[in-house]
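Number of protein chains: 2
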Amino acid sequence: MTDPLASPPDRRPGGRTARVRAQVLDAVRAELAERGHEGLTMEGVATRAGVHRATVYRRWRDVGGLLVDVITAAGEIDWQPPDTGSLPGDLTALNEEIQQSLVVQPSFALALMAASFHSEQAARAQTRLWTDRYAQCEVLVERAVERGELPAPHPDARSLLVAATAPIYHQLVLLRAGPDPRLPRRAARAAVLAAAAGAFRAPRQDREESDREQSDREESA
Amino acid sequence: MTDPLASPPDRRPGGRTARVRAQVLDAVRAELAERGHEGLTMEGVATRAGVHRATVYRRWRDVGGLLVDVITAAGEIDWQPPDTGSLPGDLTALNEEIQQSLVVQPSFALALMAASFHSEQAARAQTRLWTDRYAQCEVLVERAVERGELPAPHPDARSLLVAATAPIYHQLVLLRAGPDPRLPRRAARAAVLAAAAGAFRAPRQDREESDREQSDREESA
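Those protein sequence lines, which keep their order, are chains A and B. For the first sequence, the UniProt record's numbering gives the first residue as 1, with consecutive numbering after it. For the second sequence, the UniProt record's numbering gives the first residue as 1, with consecutive numbering after it.
Structure (structure tokens):
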């Protein structure tokens, strides 16, 4: 949902503490992208950052601490969801941003996903970041409802967003297909068509419909 | 697309070579599920399998060789896609199978995905397996077309299958949400609604439509 490769806001003028954090996290991002999380060491980060090892150990404790902080820093970026004027346009732009973050070489986003398979701390931090980003994106669905692009009853925003974005991750991260320049638009379009046809209803509506289908079946039986 | 936890067909009557392979691959699956790929060693597998270390080194060479063979063995299972009589039913059953393989503790499917982030060999073997499974599932879409469930022009089967299944992997593998018993049905239903509304067209049709939209925009401009 984000391009975590982007640096957090430059806090260097904020004093030595902020400056050291920026240097260390820049080094973590560079080491992760170059060597993957398996090659990430406290010593390597300290050397690359030009910061005393003792400082790195004191403030981040271990590699897990570094991973959590680099993910936290990605969440501090002033990221804004796209605003193109239409839901298909917004979701396509979002998917293009995701695709870009996954195909760039080396991909920091991919390195973080790999790390989160092996560090519970990193996995939790990444889940928090993703939860925040999906929550931020709910405004795309709200704006589409206001513009009358989606009929009532309105879809559950998060389910729609997951459906629109999941194929990008699936193709690139799990199936390891090459990037398909049409996929961002196609996946966005499919999710919007499904929403317009009544998919992604809020769980309560969904349950009511399921009950209705059930009683229809019983009546026709 | 598969439950790789299932053992390959029992070839033990096939002689010593087949028996040793079955023992070694059972040990790889058990070690992977218990310790993850980081804990997978030639020695650990040999000990668990009760097979001489030299044999394991000679036939599989290294941990990458063991991973590739265990993925190859998963592809040798006589797996059949579901056949429930309707496309939403088939896709729901498929998603339930996928969800089950990911939430079972310990999950061999998850361990393999983690491994494929760190072994190019394992990644390639997994991509081949997934490609085969999606190809096998195209029959679900063909049957739906024959039953008249999907209007012409017919969707690209693989795109539809990826859209139907991707949310399960996304929620469970990447977002690390807990399993949602309604998700298999909801994701299946969304993909079918999108397909019925004209999503997932073959790339050529999609391009023609995009050209048409473009010329509509130019005319109305």
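Backbone N, C-alpha and C define an ideal beta-carbon position, used for all residues, glycine too.
Under 8 Å, with one C-beta from each stretch per pair, do the stretch 19–39 of chain B and the stretch 54–73 of chain B reach the 3-pair mark? Yes, the stretch 19–39 of chain B touches the stretch 54–73 of chain B.
Looking at chain A, is there any beta carbon in it that lies within less than 8 Å of the beta carbon of proline 181(B)? No, its Cβ sits nowhere closer than 8 Å to a Cβ of chain A.
At a Cβ threshold of 8 Å, is histidine 118(B) touching chain A? So, interface residue.
Test: valine 51(B) CB closer than 8 Å to a CB of chain A: With respect to chain A, the C-beta atom of valine 51(B) has no partner C-beta closer than 8 Å.
Beta-carbon of histidine 154(A) versus every beta-carbon of chain B: anything under 8 Å? Not closer than 8 Å to any Cβ of chain B, the Cβ of histidine 154(A) fails to qualify, so no.
Cross-chain neighbours of threonine 127(A) in chain B, by beta carbon under 7 Å: Chain order gives the chain B residues near threonine 127(A) as Leu175 and Arg176, where near means a beta carbon separation below 7 Å.
On the CB-based measure, 16 or more other CB atoms within 10 Å of its CB, does glutamine 126(A) come out buried or exposed? That one is buried.
Check for me: the alpha helix (DSSP H) holding serine 116(A) runs from which residue to which? Where serine 116(A) is concerned, the enclosing alpha helix (DSSP H) stretches over 108–116.
Let me see if you follow: with CB-CB separation under 8 Å, is phenylalanine 108(A) close to chain B or not? Not one beta carbon of chain B lies nearer than 8 Å to the beta carbon of phenylalanine 108(A).
With 8 Å set as the bound, which would you pick, yes or no: does the beta-carbon of proline 167(B) sit closer than that to a beta-carbon of chain A? For proline 167(B), the nearest beta carbon of chain A is closer than 8 Å to its own beta carbon.
Say whether chain B places a C-beta atom closer than 8 Å to the C-beta of glutamine 171(A). True, the Cβ-Cβ gap to chain B drops below 8 Å.
Short CB-CB distance (under 8 Å) between tryptophan 79(A) and chain B: When Cβ-Cβ separations below 8 Å define contact, tryptophan 79(A) makes no contact with chain B.
Within chain A, the residues that glycine 148(B) reaches when beta carbons sit closer than 9 Å: Ordered by position in chain A, no residue passes the 9 Å Cβ test against glycine 148(B), which lies about 18 Å from the chain.
Where proline 155(A) falls: helix, strand or coil (DSSP): Proline 155(A) carries a strand assignment under DSSP once its states are collapsed to helix, strand and coil.
The alpha helix (DSSP H) with residue 229(B) in it runs from where to where? Residue 229(B) is absent from the model: chain B starts at 1 and stops at 221.
Taking C-beta to C-beta, are alanine 115(A) and histidine 37(A) nearer than 8 Å? Closer than 8 Å, so yes.
The stretch 185–196 of chain A: positions lying closer than 9 Å to chain B by Cβ: Listed by position, the residues of the stretch 185–196 of chain A near chain B (Cβ gap below 9 Å) are Arg185, Arg186, Ala187, Arg189, Ala190, Ala191, Val192, Leu193, Ala194, Ala195 and Ala196.
Where glutamate 76(A) and aspartate 132(A) are concerned, what is the direct C-alpha to C-alpha distance, given to the nearest angstrom? Taking the straight line joining both Cα atoms gives about 11 Å.
With 8 Å set as the bound, which would you pick, yes or no: does the beta-carbon of glycine 198(B) sit closer than that to a beta-carbon of chain A? Chain A, which has a Cβ nearer than 8 Å to the Cβ of glycine 198(B), makes this yes.
Does any C-beta atom of chain A lie closer than 8 Å to the C-beta of alanine 163(B)? Interface residue, yes.
Distance, Cα to Cα, valine 139(A) vs arginine 158(A)? Roughly 10 Å between the two C-alpha positions.
Checking contacts by CB at 8 Å: is alanine 54(A) closer than that to chain B? Interface criterion not met: the Cβ of alanine 54(A) is under 8 Å from no Cβ in chain B.
Closer than 8 Å to chain B by CB, glutamate 38(A): Interface residue, yes.
Indicate whether at least one CB of chain A lies closer than 8 Å to the CB of arginine 46(B). Residue identity differs from the one stated: residue 46(B) is alanine in this sequence, not arginine. No, no contact with chain A.
List in chain order: all unbroken alpha helix (DSSP H) runs of 4+ residues lying wholly within the stretch 171–204 of chain A. Fully enclosed alpha helix (DSSP H) runs of no fewer than 4 residues occupy 183–196 of the stretch 171–204 of chain A, in order along the chain.
Residues of chain B with CB closer than 9 Å to the CB of alanine 114(A), please, in chain order. Going along chain B in sequence order, the residues near alanine 114(A) (Cβ under 9 Å) are Ala114, Phe117 and His118.
DSSP three-state assignment for tryptophan 130(A), whether helix, strand or coil: Here DSSP, grouped into helix, strand and coil, assigns tryptophan 130(A) to helix.
Contact set for threonine 84(A): own chain, Cβ-Cβ below 6 Å, skip 5 residues either direction: Closer than 6 Å at Cβ, skipping near neighbours: Asp90 and Ala93.
Nearest-angstrom Cβ-Cβ length linking valine 63(A) and threonine 41(A), presumed shorter than 8 Å: At roughly 7 Å, the Cβ-Cβ gap stays under 8 Å, so valine 63(A) and threonine 41(A) are in contact.
Whose C-alpha, out of Ala144(A), Gln99(A) and Arg19(A), is nearest the C-alpha of alanine 49(A)? Here the closest residue by C-alpha is Arg19(A).
For tryptophan 130(A), go through chain B and note every residue whose CB falls closer than 8 Å to its CB, in chain order. Simply Leu174 and Leu175.
Since I believe histidine 154(B) is in contact with valine 145(B) (beta carbons under 8 Å), could you give me their beta-carbon distance rounded to a whole number of angstroms? With a Cβ gap of about 5 Å, valine 145(B) and histidine 154(B) count as contacting.
Contacts around leucine 172(A), its chain only, beta-carbon distance under 6 Å, and the 5 residues preceding and following it disregarded: Cβ-Cβ distances below 6 Å link leucine 172(A) to Leu102 in the same chain, with the five nearest sequence neighbours on each side left out; the list follows chain order.
When you compare the CB of alanine 123(A) with every CB in chain B, is at least one pair closer than 8 Å? Output row for alanine 123(A): interface = yes.
Along chain B, in chain order, which residues have C-beta atoms closer than 7 Å to that of serine 86(A)? In chain order: nothing, as chain B lies at least about 12 Å away.
Does the beta carbon of serine 159(B) come closer than 8 Å to any beta carbon on chain A? So yes, serine 159(B) belongs to the interface.
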